[in-house]
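Working notes for the structure below.
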Amino acid sequence: MSSSYNVNYGQAYAPPGSGLGWQQSHAFASFQSVPAVQQMNQHYGAQPQMMPAPVPVEPQSMPYSSYINHMNTQIYDQQTFAMQQMQRQMAAMAAEHQRMQAGGAMYQQEPQQIAAAPTAPPAPPPQDEVAKSDTLKAEIKKMFVDELMRRLSVSGTFEITEGTVKPFGNYPADDPVADFYRKERSQDLADKPWDPEADCEYLRKAMKGLGTDEDAIIHVVATRCNAQRQRLKEMFKTMYGRDLITDIKSELSGDFREAVMACFVQPAIYDAWSVKEAIYGLGTDEQALIEIFMTRTNAQIREMKEVYTDVASPNRKASKSLLEDDIRGDTSGNFKKLLVAASQGGRYEITRERLEQAVEEVIANDKPTGMFDINYQKLVDMQKAKNDANRLFKAGEERWGTDEETFNLIFSTRDYYSLREIWTEYVKIAQRDILNSIDRETSGDYKRALRGIVMNIRCRPMYFAERLRDAMKGLGTDDKTLIRIIISRAEIDMVQIKKCFLELTKQTLWRWIKNDTSGDYKKLLQALVGKD
1 MSSSYNVNYG QAYAPPGSGL GWQQSHAFAS FQSVPAVQQM NQHYGAQPQM
51 MPAPVPVEPQ SMPYSSYINH MNTQIYDQQT FAMQQMQRQM AAMAAEHQRM
101 QAGGAMYQQE PQQIAAAPTA PPAPPPQDEV AKSDTLKAEI KKMFVDELMR
151 RLSVSGTFEI TEGTVKPFGN YPADDPVADF YRKERSQDLA DKPWDPEADC
201 EYLRKAMKGL GTDEDAIIHV VATRCNAQRQ RLKEMFKTMY GRDLITDIKS
251 ELSGDFREAV MACFVQPAIY DAWSVKEAIY GLGTDEQALI EIFMTRTNAQ
301 IREMKEVYTD VASPNRKASK SLLEDDIRGD TSGNFKKLLV AASQGGRYEI
351 TRERLEQAVE EVIANDKPTG MFDINYQKLV DMQKAKNDAN RLFKAGEERW
401 GTDEETFNLI FSTRDYYSLR EIWTEYVKIA QRDILNSIDR ETSGDYKRAL
451 RGIVMNIRCR PMYFAERLRD AMKGLGTDDK TLIRIIISRA EIDMVQIKKC
501 FLELTKQTLW RWIKNDTSGD YKKLLQALVG KD
């Protein structure tokens, strides 16, 4: 079943060692982040019709915003090169496809062939060939838009997203499961595709008899993606007539057990469970509610709502509106209204038609290049963005008191890229950043929720990096937050979160975990985030 949380759904294994995770049939090696370049072009004032050359430039920053500053010159250059490389590969593939069709043969590269291609960008097809072929350019544009829409479905933005946990492909020769099979079954799994039966035998041995092999459990849990873990639960029960989660629960304890069990929960159910814990637990964990509702896409929120009733009220009949009812019953004021609005999963989204209208061919030196970029002036209704910015100014800074209803309306309904433009226009009108106005005009949980929306939309990885830092700094550790963020983001954008964490704290996330946790719990979290 398709899930809006599953970034790997409907895709195929990449060859071992490629580092590409799962690929669609038109995935491209070394395609890192087209959108990051485009976002920077938008905020840093680059001309929408020009492709910047990958040379060092002086970074500029949006006024009063530390959440854009992290995209420094080095990242900008890397993303520009990746964009150029990806589109050259697209052009070369499309040209080859067109030539083979003309010869009466259908040719399609396999993902393995693409992943095995040299890391250096292939030579682009002749400029005249790209420029004159409308069919070829249309195909390149379609592939470009397809990739942007895929990224949009994962995180609501076009930015780069890469997880530290990827679907397990083939067994390396030194893999513990392969080693176990060599010794116990006299079978060689080296370079063989992932086998859930082999993993289940390995897990059963780790928990059978006296003592528990925690390292074996950590290895399997941290190197298999969530979809593969779901398959392991099914296979374990099929093979042994035993429930894998029940066995894990009886063998482990403490935060380590909580983290391992969380890894085996489907993302939508885990979000629903986290919301239930935030509401039904001792007191209300408002920060957890903000984190979940302000960072999920519409589809993810709707999927969470579908399962929430079964999670929060498994033994009694409850209304389908239980999630909204629980929010209303446990929160108050404008914070409650903002959460109820977010729980609808109804924020405006960028449609494919709208994106296609905004994607234009890049013109360099008055010549078409066969490459494409987003014209943000077309993606966003600029006049509406200016009007909304003016409405926010009149609802706050220009009047006595604050019109929270106007803030709620705009913050809850506008799509991410419209909000970015609204906040850019707001600076011109108010002569202060929107975060500064939020601090001046609001307070309490409502202020924290509005700030969460702004930080998430400007730079989601930095938002999570700050949440992780706050969970570990000072005396004690907020283990619930630490576990929830690491497990829920491990397959989505943990690579970017780690980069932001390093910039924020000047130390790696792996080292902070080492200094703030201990034992097998520490080993699991470190394995999930990866050592830099």
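Sequence positions in the sequence shown follow UniProt numbering and run 1 to 532. Cβ atoms here follow ideal geometry from the backbone N, Cα and C, with glycine treated the same way.
In the three-state reduction of the DSSP assignment, VAL380 falls in the coil class.
With 16 or more other CB atoms across the displayed protein chains lying within 10 angstroms of its CB, PRO167 is buried.
Taking a C-beta distance under 8 angstroms as the contact criterion, ARG347 and THR413 qualify as a contact pair.
An exposed status is given to SER319, since fewer than 16 other beta-carbon atoms sit within 10 Å of its beta-carbon. Looking at the DSSP output, GLU360 bridges to ASP373.
Remark: C-beta atoms of ASP388 and ILE422 approach each other more closely than 8 angstroms. The Cβ neighbour count for PRO314, taken over all protein chains shown within 10 Å, is under 16; the residue is labelled exposed. Restricting attention to alpha helix (DSSP H) runs no shorter than 4 residues, the region 373 to 449 encloses them at 376 to 379, 382 to 395, 404 to 413, 416 to 430, 434 to 441, ordered along the chain. The residue from TRP273, ASP213, ASP134 with its alpha-carbon nearest to that of GLU251 is ASP213. Residues GLY163, THR164, VAL529 of the same chain have their beta carbon placed closer than 7 angstroms to that of MET494, with the five preceding and five following residues left out of the count. The C-alpha of LEU210 is placed about 50 angstroms away from the C-alpha of VAL340. If you keep only unbroken alpha helix (DSSP H) runs of at least 4 residues inside the region 144 to 185, you get 176 to 184. Contact check for ARG467 and SER274: beta-carbon distance about 13 angstroms, past the 8 angstroms limit, so the pair fails to qualify. In this structure, the alpha-carbon of GLU303 lies about 23 angstroms from that of GLU147. By the criterion of at least three beta-carbon pairs nearer than 8 angstroms, the region 361 to 372 is not in contact with the region 427 to 446.
With distances taken between CA atoms, ASP191 lies nearest to ALA173 out of ALA173, HIS219, LYS378. Around ALA430, the same chain offers PHE393, GLU397, SER437 as residues with beta carbons nearer than 7 angstroms, after the five sequence neighbours per side are excluded. Excluding its 5 nearest sequence neighbours in each direction, GLU324 has C-beta neighbours in its own chain below 7 angstroms: VAL340, SER343, listed in chain order. When beta bridges are read from the DSSP output, PRO193 appears opposite ASN170.
Beta-carbon to beta-carbon, MET261 and ILE248 are separated by about 6 angstroms, close enough to satisfy the 8 angstroms threshold. Comparing C-alpha distances from ARG458 to each of SER155, THR135, LYS141 shows the shortest one belongs to SER155. Distance from the CA atom of GLU277 to the CA atom of LYS473, rounded to whole angstroms, is 23 angstroms. Assignment of PRO314 by DSSP, reduced to helix, strand and coil, places it in the coil class.
Separation of the CB atoms of VAL220 and ASP243 is rounded to 16 angstroms, and the pair is thereby denied contact status at 8 angstroms.
Inclusion of THR309 and LEU322 in the CB contact set at 8 angstroms is warranted, their separation being smaller than that value. Nearest Cα to PHE293 within the set LEU338, ASP175, ARG316, THR477: LEU338. Taken through DSSP and simplified to helix, strand or coil, LYS205 comes out as helix. The beta carbon of ILE218 sits closer than 7 angstroms to the beta carbons of ASP520, LYS523, LEU524, ALA527 from its chain, once the five residues preceding and following it are set aside; these are given in chain order.
C-alpha of PHE158 to C-alpha of ASP326: approximately 33 angstroms in a straight line. About 17 angstroms separates the CB atoms of ILE245 and VAL307; that is not less than 8 angstroms, and the two are not in contact. Judged by pairs of C-beta atoms under 8 angstroms, the region 445 to 458 touches the region 284 to 292, as three or more such pairs exist. LYS137 carries a helical assignment under DSSP once its states are collapsed to helix, strand and coil.
When DSSP states are grouped into helix, strand and coil, LYS506 belongs to the coil group.
When the beta-carbon positions are compared, GLU360 and ASN375 come within less than 8 angstroms of each other. In chain order, TYR5 place their CB closer than 6 angstroms to the CB of PRO267, counting only its own chain and leaving out the 5 sequence neighbours on each side. Per DSSP, ILE492 lies in no alpha helix (DSSP H) and is assigned neither H nor E.
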